[in-house]
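In our numbering, the protein residues as written are 1 to 188. Think of the CB as a built atom: it goes at the ideal place given N, C-alpha and C, for glycine as much as any other residue. Computed from a predicted structure; not experimentally measured.
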């Protein structure tokens with residue numbers, strides 16, 4: 001019997017060293033037909049170029065929505081399972097024929113739940129991004145701990161936040177107050 005193969009309940013399992021599987025996109029992409037002899041792009045490189053979109057003269061992918069910094073305190077996670085590879089922003093006005101909306105030329109807005117939008121890895125539902133805490137809630141937390149004298153555990157259970165996050169809020173609040181007293185923080 002081979003050393004590298006095992007039989008478990010009728011299933012043949014073989015171990016192959018340095019086996020790599022190519023990570024093809026899960027959505028359909030345009031593929032090359034017959035290539036020009038001097039065109040050396042592979043189908044994966046073509047799929048990557050379709051995902052990134054065109055470059056401007058600065059080398060920026062100006063139409064790719066993942067290129068720029070996230071706005072409005074919303075995370076900007078790549079969600080290929082929800083977008084089906086449509087990462088490039090395309091205006092509906094750009095289409096000459098407005099009656100025929102082809103899926104390759106027009107991006108449809110998908111309804112994504114708030115929880116899924118905060119989940120960076122699609123197959124790990126336990127990894128989520130924290131919500132941003134407003135300033136008034138930070139002040140209430142700092143007042144409860146510093147002035148009222150509640151413990152961090154009581155405040156954490158009261159506001160349903162994790163204890164290290166409560167401790168970080170109190171620490172940053174005390175540093176901010178200290179800097180305001182030393183006039184280290186000024187308004188522009």
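Candidates 186, 182, 181 and 132: which alpha carbon is nearest residue 169's? With distances taken between CA atoms, residue 169 lies nearest to 132 out of 186, 182, 181 and 132.
Using 8 angstroms as the Cβ pair cut-off and three pairs as the minimum, do the region 173 to 187 and the region 134 to 142 touch? Verdict: yes, contact present.
Touching or not, the region 118 to 130 and the region 64 to 77, by the rule of three or more beta carbon pairs under 8 angstroms? Per the Cβ contact rule, the region 118 to 130 is in contact with the region 64 to 77 (3 or more Cβ pairs under 8 angstroms).
Could you give the first and the last residue of the continuous alpha helix (DSSP H) run that contains residue 137? For residue 137, the uninterrupted alpha helix (DSSP H) segment begins and ends at 135 to 143.
Work out the CA separation of residue 57 and residue 43 for me, nearest whole Å. Spanning the two alpha carbons is a distance of roughly 25 angstroms.
Per-residue DSSP class, three states only, for residue 64: In the three-state reduction of the DSSP assignment, residue 64 falls in the strand class.
Using a Cβ-Cβ cutoff of less than 8 angstroms, which residues in the same chain neighbour residue 29 once the five nearest sequence positions on both sides are dropped? Excluding residues within five positions, the ones whose Cβ falls inside 8 angstroms are 43, 46, 47, 50 and 85.
Count the other CB atoms, across all protein chains shown, that sit within 10 Å of the CB of residue 152; report buried if there are 16 or more and exposed otherwise. Burial is judged here by how many other beta carbons sit within 10 angstroms of a residue's own beta carbon; residue 152 has at least 16 and is buried.
On a Cα-Cα basis, can you pick out the residue from 20, 52, 162 and 154 that is closest to residue 65? Ranked by how close their Cα comes to the Cα of residue 65, the residues 20, 52, 162 and 154 have 52 in first place.
On the CB-based measure, 16 or more other CB atoms within 10 Å of its CB, does residue 166 come out buried or exposed? In the assembly as shown, residue 166 is a buried residue. Its beta-carbon has 16 or more other beta-carbons within 10 Å.
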